[in-house]
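Numbering (the working numbering), first residue to last: 193 to 402.
Quick reminder that beta carbons are idealized off the backbone N, C-alpha and C, glycines included.
Heads up, the thing below is written out as structure tokens.
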Amino acid sequence: MYTFYLGEIKLPIAPSKVTISTESQNHTLSLVDGKEINILKSPKLKKISFQALIPNSNYPFANYDGEYKYSDYYREAIEKLKNENDVIAFVITRTKGLKVFNYTGIYAVIEDITFTETVENGFDLAVNITLKEYEPYGPKFYSTLTDEKKVTTNTITNNTQYTIQSGDSLWIIAKKKYGDGSKWKTIYENNKNVISDPNKINIGTTITLP
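Structure follows, in structure tokens:
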């Protein structure tokens with residue numbers, strides 16, 4: 193089963209297709225002797241696009257966190273993310289039973305949204321969403337400390353306690369704490385006593401970060 197998250201918003205029906213593309217910024221130059229060389233540069237930011245169906249009926253195959261919500265709830269919530277330029281965690285989880293095969297997690301902003309109503313979809317709402325990867329930027333400031341001052345760091349010590357907050361997933365927690373979302377499996381394996389399903393974690397649960 194695939195589950196899609198736009199930040200705290202869980203899509204009730206997973207899209208049938210998602211495209212994640214990364215374009216190159218490399219530049220090719222022609223030399224006098226006719227040869228070509230490739231000037232290598234960092235790739236462009238990832239671009240994510242998909243279409244999702246937002247149901248306006250409580251279908252048995254739809255997957256909600258809690259109670260059923262009308263399509264207007266999702267329309268307003270997604271439009272708010274776009275209008276406020278919120279940086280969100282775009283997360284895809286892939287599960288079979290209680291086993292999570294892997295996560296895809298990308299911090300991104302919503303670039304474009306298009307809502308469409310058609311006869312074929314009845315009262316349901318289709319939405320096309322395009323996101324672009326977000327990379328934080330800005331000046332870095334450094335200070336020189338005297339020998340008498342102690343240097344503090346943000347490294348994670350062993351067995352740090354963490355309380356799950358609204359909008360968290362194991363991938364998001366691993367990304368925030370370790371800088372690597374793929375370490376979610378380590379967190380899950382270390383907390384099976386309080387997390388029965390890695391795809392559904394409860395707000396307020398205290399876990400141990402190894």
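Contacting residues, own chain, Cβ-Cβ under 7 Å from residue i (five flanking each side not counted)
i    : result
T214 : P235, K236, K238
I212 : K238, I240
N382 : T400, P402
L273 : L198, G199, I280, I302
Selected residue, minimal CA-CA separation from residue i, among the options
i    : options                : result
T378 : S222, T400, I395       : T400
A269 : L223, P252, K369, V319 : V319
G314 : D372, S263, E259       : S263
E271 : N391, I201, A206, D372 : I201
E303 : F242, T322, V292       : T322
T296 : I231, I356, T306, I364 : I364
E327 : Y299, S388, G289       : Y299
S208 : N230, I229, F242       : F242
E325 : T310, A281, F307       : A281
Simplified DSSP assignment, three categories, for residue i
i    : result
K209 : coil
D304 : strand
N157 : Here the chain covers residues 193 to 402 and nothing more, so residue 157 does not appear.
E166 : Not covered by the structure: residue 166. The range shown for the chain is 193 to 402.
N391 : coil
T344 : Residue placement at T344 cannot be trusted, given a pLDDT of 39 that sits under 50; what the coordinates show is reported in the next sentence. Note: T344 maps to coil in three-state DSSP.
K202 : strand
K291 : strand
K238 : coil
L223 : coil
N275 : helix
Neighbourhood of residue i by C-beta, 6 Å cutoff - its chain only, sequence neighbours within 5 removed
i    : result
Y266 : I246
P390 : V292, L362, Y380
Neighbourhood of residue i by C-beta distance below 8 Å, restricted to the same chain and skipping five residues each side
i    : result
Q353 : T398, I399, T400, L401
Q217 : K233, S234, P235, K236
A366 : D372, G373, S374, K375, W376, T378, I379
I356 : I365, I393, N394, I395, G396, T397, T398, I399
Short CB-CB distance (under 7 Å) between residue i and chain D
i    : result
P390 : The structure shown contains no chain D, having only a single protein chain.
_Under 8 Å, with one C-beta from each stretch per pair, do the region 274-288 and the region 195-205 reach the 3-pair mark?_
Between the region 274-288 and the region 195-205 there are three or more C-beta pairs closer than 8 Å, enough to call the two in contact.
*Assess, as a yes-or-no matter, whether the region 246-253 is touched by the region 271-282 under the definition of 3 or more beta carbon pairs within less than 8 Å.*
Contact fails: fewer than three Cβ-Cβ distances are below 8 Å.
query: Which parts of the region 351-382 are runs of the alpha helix (DSSP H), unbroken and 4 residues or longer, counting only runs that do not cross its ends?
result: With a minimum length of 4 residues, the unbroken runs of alpha helix (DSSP H) contained wholly in the region 351-382 fall at 362-370, 376-382.
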